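Top to bottom, those sequences are chains A and B. With this note's numbering, the residue at position 10 of the first sequence is 10, and numbering never jumps. Each number in this note's numbering comes from the position in the second sequence (counting from 1) with 1000 added on. Even glycine gets a Cβ: it sits at the ideal position worked out from N, Cα and C. Note that this is a predicted model, so its numbers are computed, not measured. Worksheet for the structure shown next.
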Amino acid sequence: MSYVILILGMALITWLVRTAVFVLGERLVFPPLVRTALGFVPVTVLTALIVPMAVSPHGHGAELTWRNPQLVGSLAAIAVSLLTRRPLVTIAVGLGVFFLWQGVVLR
Amino acid sequence: MTVTVPPARSQEFIAGARDTIPMMIGAAPFGVIFGTLVTSGPLALWHGQLMSLAVFAGSAQFIALGLIASHATFVVVWATTLIVNLRHVLYSATLAPYVAHLPLRWRLVLGALLTDEVFAVAWARFRLQPPGEEVSPWHFFGSGVAMYVNWQIWSAVGLVFGAAFPGLQSLGLDFAMVATFIAIVVPQLVAVRYVAAAVTAGALAFFWQGWPYKLGLLAAVLAGVSVGVALSRKAGATVEAAS
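Here it is in structure tokens:
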């Protein structure tokens, strides 16, 4: 039940954010500084989420070693993304390296 | 002499949906991964579908799953949803002149369907329109409905798939989220200021991960955004000085 409240709250916030300008029109003006700041939000949020997952997958400090499959898979995904810029190839190779590392190399 | 007849509603609607097909293909794997991740977390299957139906915002949904799995409080999930979705304000500000003439109910519905992909499709259509002319909302609507239905289908596929193979979690499938986010972030690192903002946010999120309620994550994002803004202003000042 409580997760329903969580989800509906997310839905309401998302809808309000999306429709605010459509409803308020010209009355809502963004200073240039805010516009600039918003441009950095997606990149920073996503990076802030993945770095701890890749560097310390067990939540007990950094595992900066080749025995950390999350880290190895992440580095492979970054390399592929830099080279190809194709999301599907990046995800496929990243997952492939991760599973290979976890299931074969470290076995 | 030619008289231009405005295309029928259904034609505009179908054209909007058709223009969205590449985006639908691109979103499909994310929908499947989202559904699969739901089955590895504390949410029930129908919670996952409810989230796709009601929220309809891919990155916010992924981030919420990550936060829920790490026991963040509701307020943190909502605050993050707000921050992550704030970019939509820029989208609606861009499209507002083209929907201003519509009745309120139209604007509320079109706003609800305004994702990154639908924005791209709607903007590509509207910008061809001569200024001052009233534009039909049906192309925008067709694009939004197509994207919405597509997202529901692929979320459901992921939910069913994840439920059928419950061992996926122990394999470390949560790494799929990491790989997905990398695929989204890396192509956006087009200038030094974006790299600096991302590195700042990532490093601080690592060092501050022990903070309660995931507040370290929010603080790290604020710090990263501040670095990005500072570097942008510096770049702007340089440009002005040079001109």
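Discussion item. Measuring CB atoms only, is the region 1071-1080 of chain B touching the region 1089-1105 of chain B, in the sense that at least three cross pairs come out at less than 8 Å?
Written reply: The region 1071-1080 of chain B is not in contact with the region 1089-1105 of chain B.
Helix or strand or just coil, what does DSSP make of E1240/B? Bear in mind that a pLDDT of 47 at E1240/B, under 50, signals an unreliable position, so the number given afterwards is only what the model happens to contain. Helix at E1240/B.
*Among residues of its own chain, excluding the 5 on either side of L1218/B, which ones have a beta-carbon nearer than 8 Å to its beta-carbon?*
V1076, A1079, T1080 and I1083
message = Can you find the residues in the same chain that come closer than 7 Å, C-beta to C-beta, to L1067/B, ignoring five residues on each side of it along the sequence?
response = Excluding positions up to five away in sequence, the list reads V1076, V1077, T1080 and K1214.
Using the rule of at least 16 other Cβ atoms within 10 Å of the residue's Cβ for burial, across every protein chain shown, is M1001/B buried or exposed? Only weak support is given to the placement of M1001/B: the predicted model assigns it a pLDDT of 49, under 50, and the question is left unresolved by the model.
Using alpha carbons as the reference points, say which of V1192/B, A1205/B, V1199/B and A1203/B lies closest to S1232/B.
V1192/B
Next item on the list: State buried or exposed for P70/A, treating a residue as buried only when at least 16 other CB atoms are found within 10 Å of its CB.
Entry: Position check: residue 70/A holds Gln in this sequence, whereas Pro was assumed. Result: buried.
Can you check which of these residues, V1121/B, L1104/B, L1189/B and F1175/B, is closest to L24/A by C-alpha distance? Closest option to L24/A, Cα to Cα, is L1104/B.
| said: Within a Cβ cutoff of 6 Å, which residues of the same chain sit near V1118/B, ignoring the five residues on either side of it in sequence? | reply: S1143, G1144 and M1147
Interfacial residues, the region 1013-1030 of chain B to chain A, with Cβ spacing under 8 Å = G1026 and P1029
query: Starting from N1085/B and walking both ways along the alpha helix (DSSP H), at which residues does that stretch end?
result: F1074 to N1085
- What whole-angstrom Cβ distance do Q1049/B and L1189/B have, given they're in contact under 8 Å? Not really, about 33 Å apart at Cβ, beyond 8 Å.
Exposed or buried, W66/A, counting other C-beta atoms within 10 Å across all chains shown (16 or more means buried)? exposed
Am I right that A1201/B and T90/A are in contact with their C-beta atoms under 8 Å? What's the rounded C-beta distance? About 20 Å separates the two Cβ atoms, so there is no contact after all.
What do you get for F1034/B, buried or exposed, if any count of 16 or more other CB atoms within 10 angstroms of its CB means buried? F1034/B sits buried, since 16 or more C-beta atoms from the chains shown fall within 10 Å of its C-beta.
- Query: Counting contacts by CB-CB distance shorter than 8 Å, is L106/A in contact with chain B?
  - Reply: no
Verify the CB distance criterion: does T36/A have a CB-CB separation below 8 Å to chain B? yes
query = Listed in chain order, which residues of the region 14-26 of chain A have Cβ atoms closer than 7 Å to some Cβ of chain B?
reply = Result list: T14, W15, V17, R18, T19, A20, V21, F22, V23 and G25.
**Study point:** Same chain, Cβ closer than 8 Å to T84/A, neighbours up to 5 away in sequence not counted
**Key:** T90
- By DSSP, does L1043/B sit in helix, in strand, or in coil? coil
Name the chain B residues that come within less than 8 Å of V72/A, Cβ to Cβ? Annotation: V72/A has no Cβ neighbours in chain B at a cutoff of 8 Å; minimum Cβ distance is about 10 Å.
Helix, strand or coil: how does DSSP classify L100/A here?
helix
- Backbone secondary structure at G73/A - three-state DSSP: helix
Quick one: is L64/A buried, meaning 16 or more other Cβ sit within 10 Å of its Cβ, or exposed? exposed
### Query
Does DSSP put W1138/B in a helix, in a strand, or in coil?
helix
Proximity winner among A1235/B, G1236/B, A1028/B and V1229/B, relative to L38/A (alpha-carbon distances):
Distances from the alpha-carbon of L38/A to those of A1235/B, G1236/B, A1028/B and V1229/B put V1229/B closest.
query: Roughly how many angstroms lie between the CA atoms of A1241/B and L1204/B, to the nearest whole one?
result: Note that A1241/B scores a pLDDT of 47, beneath 50, so its modelled location is shaky; the value from the coordinates is reported in the next line. Rounded to whole angstroms, A1241/B to L1204/B spans 33 Å at the Cα level.
Under 7 Å from the C-beta of W1078/B: neighbouring residues of chain A: Correct list: G9, M10 and I13.
Chain A contact residues for P1187/B, given Cβ-Cβ distances below 7 Å: Simply S81 and R85.
- Task: Would you mind giving the Cβ-Cβ distance between S1052/B and S1155/B, rounded to the nearest angstrom? I have them listed as a contact below 8 Å.
- Result: Between S1155/B and S1052/B the Cβ distance is about 4 Å, and since that is below 8 Å, they are a contact.
Measure the Cβ-Cβ separation of L1110/B and F22/A and say whether it is below 8 Å. yes
* Rounded C-alpha distance that separates S1226/B from G1210/B -> 22 Å
### Task
Please classify L1114/B: is it buried, with 16 or more other beta-carbons within 10 angstroms of its beta-carbon, or exposed?
buried
*Roughly how many whole angstroms lie between the Cα atoms of V1149/B and F1141/B?*
Taking the straight line from one Cα to the other gives about 12 Å.
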